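According to my numbering, the sequence shown is numbered sequentially starting from 6.
Note that CB positions come from ideal geometry on N, CA and C, so glycine has one too.
Note that the coordinates shown come from a computational prediction; the quantities given were computed from them, not determined experimentally.
Have a look at the structure below, then the notes.
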Amino acid sequence: MASSLLESLLSKCTALSHLNQIQSLLITTGQFKFLNICPPRSKLLELYSLTFNHLNFASRTFSQIPNPSTNDWNAILRGLIIGPSPSDAFLWYRSMLRGSYRIDALTCSFVLKACARVLALSDSLQLHSHVVRKGFSADALLGTTLLDLYAKAGDIGSAQKVFDEMAKRDIASWNALISGLAQGEKPDEALGLFKRIEIDGFKPNEITVLGGLSACSQLGAFKEGDKIYDYIRSERLDGNVQVCNAVIDMYAKCGFVDKAYSVFQTMSCDKSLVTWNTMIMAFAMHGDGDKALQLFHQMGPSVRMEPDEVSYLAAICACNHAGVVDLLGRAGRLQQAYYVIDSMPMLPDMVLWQTLLGACKTYKNVDMAEMVTRKLVEMGSTSDGNFVLLSNIYAAHERWADVGRIRDVMKSKDVRKTPGFSYIEEKGVIHKFYNADKAHKHCKQIHGKLEEIRFKMKEFGYAAETSFVLHDIGDEEKENALYQHSEKLAVAFGLICAEDEARPIQVIKNLRICGDCHVVIKLISKMYNREIIVRDRVRFHRFKDGTCSCRDYW
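As structure tokens, this is what we get:
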């Protein structure tokens, strides 16, 4: 059988049975020697490992090859990285090293992809040094794979270093770093990189805009998100459903749910289940339970879209502020709320217990808060917010020993309290404020504006809610600490800089907004006749004319 004929037969295989027949024929006719011819042999391995995902057949065939080439090894590695056990790729790679087989850039790329799937950083560090020693650093594909691995594993510093040292970059290199920065809690840097990409002569594609939109979503950078959406439409990238979903999510998280719904309604591509879930959750985040549930009820055979567990979770979140548990919590009937959750026929999710824990804080019910926290821990929750809420309830009762005990528990479980910070965008620049931040270049003006606000509020009968400062310090120190909260600093900065008074001041807060800040921002919206939107970890708060869309319960 000629090599060209064998290649032709292999290229026409459409089923595993055909491939097995060819291999059996070669063996029974004593012509298995053709496997020593590299192109057909590599094709056979590739078909087994990739096309039909039968790695056992591939490895058996490989074992019968007396002198496997680098291409043969690569064919197996390529199948392993998409199979159920990508870590096996490391074992094959080490066998190559022990056997002194030639390793090329493709070999390293496949093994790095296996590392990325299992987030094996220790193996990737060895591979990185191998890449440098073998002189593969100039390979753009290999560099991008390594960069992507570091980014997915959360080692953004190493990812940035690989990017900076790449002799040649392509669009995939930029995409990997932008996505890594956006997902690695550095959305401001991701957005900065997105702005640089065209300056450096590259044209953003679907993956690039997904990274940019993700960064805008986290930062609440509406203006930058708007520019990206303009680019998407001009380049006709809105035919991609993933891109449209990201645009909907961006607008919703920037506080413009109406714009998100407009994109949802006018999509030129078919909506996916993710599209529907994103839009339902958007209405839920904005406290518009009616619209969220209307959309949820539209799902079904008529639109060929059946709800999944995420759809139901979004619906639960939508009715959370109008549901039984929340209504009982608002009324202070915490025991009844506890009974409703505990006696549900299905397993209640963490959202319901966290809702009740929030009500415990409002009504300072320590016993109930302890029971609810135990339930959350039993469910496997490691959220710092749950422990902090319980700690805050103890602190409100001045039970400082219990506050210390909760801190010890958090330390033993390696649960770390997230520092509070807030973002605000001004003229395309993202400004980040921490609590008690004095590093901003306009620090004096910001604190001057806060003193102005403080003076004006006294005319409205405001008194600082010092019970929200959960430290064992004096009242004056507590009042001063309240005025250092990051969301107040961000709002004051917004008042100083905003030129268009018709445009809302938008602030993104990484934690739940505190009660005193909520009161103060309501008053600011009335005193300065400004609409202020604050997105905290729980929901959106739209402050206008001295009221908030959450109706003072969150």
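Runs of alpha helix (DSSP H) wholly within the segment 220-265 (minimum 4 residues, chain order): 227-239, 246-258
Cβ shell of asparagine 370 (< 6 Å), same chain only, five flanking positions each side left out: For the purposes of this step, residue 370 is taken as residue 365 along the sequence shown, with counting starting at 1. Cβ within range, chain order: Leu339.
8 Å Cβ cutoff, alanine 319 in contact with chain E: This model lacks chain E altogether, as it is built from one protein chain only.
Integer-rounded CB distance, given that arginine 517 should sit under 8 Å from aspartate 541: Translated into the one-based positions of the sequence shown, residue 541 becomes position 536. Translated into the one-based positions of the sequence shown, residue 517 becomes position 512. Confirmed, about 5 Å.
Proximity of phenylalanine 581 and glycine 260 at Cβ, strictly below 8 Å: No answer is possible for residue 581: it lies beyond the span of the chain, which begins at 6 and ends at 559.
Spatially closest choice to serine 348 from Val329, Leu362, Ala265, Gln247, by CA coordinates: As a working mapping, residue 348 is identified with position 343 in the sequence shown. The shortest C-alpha separation from serine 348 is found at Val329.
Coarse secondary structure for glycine 363, derived from DSSP in three states: Against the sequence shown, residue 363 aligns to sequence position 358. Here glycine 363 sits in helix by DSSP.
Other residues of its chain near serine 163: CB distance less than 6 Å, five sequence neighbours each side excluded: Within the sequence shown, numbered from 1, the residue matching residue 163 stands at position 158. Around serine 163: Tyr155.
Contacting residues, own chain, Cβ-Cβ under 8 Å from tryptophan 97 (five flanking each side not counted): Sequence index remark: in the sequence shown, residue 97 carries index 92 (1-based). Once the five neighbours on either side are set aside, the close Cβ partners of tryptophan 97 are Trp78, Ile81, Leu82, Leu85.
Reference lysine 232, options Ala441, Leu381, Gly104, Lys432, closest by Cα: Here residue 232 refers to the residue found at position 227 when the sequence shown is read from its first residue. Ranking Ala441, Leu381, Gly104, Lys432 by Cα distance to lysine 232 puts Lys432 first.
Inter-residue Cα distance where the pair is cysteine 43 and threonine 75: By one-based count along the sequence shown, residue 43 stands at place 38. By one-based count along the sequence shown, residue 75 stands at place 70. Reliability fails at cysteine 43, whose pLDDT of 45 lies under 50, so the model's placement of it is uncertain and the value that follows must be treated cautiously. Spanning the two alpha carbons is a distance of roughly 10 Å.
Cβ neighbour criterion (16 or more within 10 Å) applied to arginine 535: Residue numbering aside, residue 535 sits at position 530 when the sequence shown is read from its first letter. The residue is buried, with at least 16 neighbouring Cβ atoms inside 10 Å.
Buried or exposed (CB count within 10 angstroms, at least 16 for buried), histidine 582: Nothing in the structure corresponds to residue 582, since the chain is present only between 6 and 559.
Environment of arginine 547 [buried if 16+ CB atoms lie within 10 Å]: Here residue 547 is taken as the residue at index 542 of the sequence shown, counted from 1. So arginine 547 counts as buried.
Rounded straight-line distance, which links the Cα of aspartate 153 to that of lysine 166: Position 161 of the sequence shown holds residue 166. Position 148 of the sequence shown holds residue 153. Whole-angstrom Cα-Cα distance: 12 Å.
Cβ-Cβ separation, leucine 196 to alanine 226 (assumed contact under 8 Å), whole Å: The sequence position of residue 226 within the sequence shown is 221, counting from 1. The sequence position of residue 196 within the sequence shown is 191, counting from 1. Yes, alanine 226 and leucine 196 are in contact; Cβ-Cβ is about 6 Å, under 8 Å.
Presumed contact (8 Å Cβ cut-off) between phenylalanine 392 and methionine 415, rounded CB distance: Taking the sequence shown and counting its residues from 1, the one referred to as residue 392 is at position 387. Taking the sequence shown and counting its residues from 1, the one referred to as residue 415 is at position 410. Indeed, because the Cβ distance is near 5 Å, the residues count as touching under 8 Å.
Endpoints, beta strand (DSSP E) assigned at tyrosine 428: As a first step, residue 428 must be located in the sequence shown, where it is residue number 423. Residues 426-431.
Residues that valine 512 bridges to, as DSSP identifies them: As a working mapping, residue 512 is identified with position 507 in the sequence shown. DSSP, once it has assigned bridges, lists Val539 as partnering valine 512.
Alanine 527 - containing alpha helix (DSSP H), residue span: Counted from its first residue, the sequence shown places residue 527 at position 522. The question names alanine, but residue 527 in the sequence shown is lysine. Segment 520-532, the alpha helix (DSSP H) holding lysine 527.
Helix, strand or coil at leucine 40 according to DSSP, with G and I counted as helix: Here the question's residue 40 lines up with position 35 in the sequence shown. Its pLDDT being 48, under 50, leucine 40 is placed unreliably by the model, and nothing is read from it.
Sequence-distant residues of its chain with Cβ nearer than 8 Å to glycine 159 (five each side left out): As a working note, residue 159 is residue 154 in the sequence shown. Same-chain partners within the cutoff: Gly189.
Lysine 38 to alanine 181 span [Cα, whole Å]: Looking up residue 38 in the sequence shown gives position 33. Looking up residue 181 in the sequence shown gives position 176. Because the pLDDT of lysine 38 is 47, which lies under 50, any placement of that residue in the model is unreliable, and the question is left without a value.
Assumed close pair isoleucine 285, alanine 320 - CB separation to whole angstroms, cut-off 8 Å: Here residue 285 refers to the residue found at position 280 of the sequence shown. Here residue 320 refers to the residue found at position 315 of the sequence shown. At roughly 7 Å, the Cβ-Cβ gap stays under 8 Å, so isoleucine 285 and alanine 320 are in contact.
Between the CA atoms of lysine 527 and cysteine 519 - distance to the nearest angstrom: On the sequence shown, residue 519 is found 514 positions in, with the first residue counted as 1. On the sequence shown, residue 527 is found 522 positions in, with the first residue counted as 1. So the two alpha carbons sit approximately 12 Å from each other.
Alpha-carbon spacing of lysine 549 relative to serine 530, whole angstroms: For the purposes of this step, residue 549 is taken as the residue at position 544 of the sequence shown. For the purposes of this step, residue 530 is taken as the residue at position 525 of the sequence shown. About 5 Å.
Residues that tyrosine 439 bridges to, as DSSP identifies them: Walking along the sequence shown from the start, residue 439 turns up at place 434. Beta-bridge pairing links tyrosine 439 to Phe426.
Buried or exposed (CB count within 10 angstroms, at least 16 for buried), tryptophan 405: In the sequence shown, counting from the first residue as 1, residue 405 sits at position 400. Exposed, since its Cβ has fewer than 16 Cβ neighbours within 10 Å.
6 Å CB neighbourhood of alanine 497 in its chain, flanking five on each side removed: Position 492 of the sequence shown holds residue 497. Excluding sequence neighbours, alanine 497 sits near Ile451, Lys454, Leu455.
Buried or exposed (CB count within 10 angstroms, at least 16 for buried), aspartate 235: Sequence index remark: in the sequence shown, residue 235 carries index 230 (1-based). Classification for aspartate 235: exposed.
Secondary structure of histidine 546, DSSP reduced to three states: Numbered from 1 along the sequence shown, position 541 holds the residue referred to as residue 546. Correct three-state label for histidine 546: strand.
Neighbour-count burial assignment, cysteine 274, 16 or more Cβ in a 10 Å radius: Within the sequence shown, numbered from 1, the residue matching residue 274 stands at position 269. Classification of cysteine 274: exposed, given that the 10 Å Cβ count is below 16.
Nearest-angstrom beta carbon gap, serine 222 and methionine 272 [assumed within contact, 8 Å]: Along the sequence shown, read from residue 1 onward, the residue named residue 272 stands at position 267. Along the sequence shown, read from residue 1 onward, the residue named residue 222 stands at position 217. That pair is no contact at about 18 Å.
Beta-carbon gap between serine 316 and asparagine 282 smaller than 8 Å: Mapped onto the sequence shown, residue 316 falls at position 311. Mapped onto the sequence shown, residue 282 falls at position 277. For serine 316 and asparagine 282, yes; Cβs fall inside 8 Å.
Classification of alanine 63 by the beta-carbon crowding that lies within 10 angstroms, buried from 16 upward: Position 58 of the sequence shown holds residue 63. Buried, by the Cβ-count rule.
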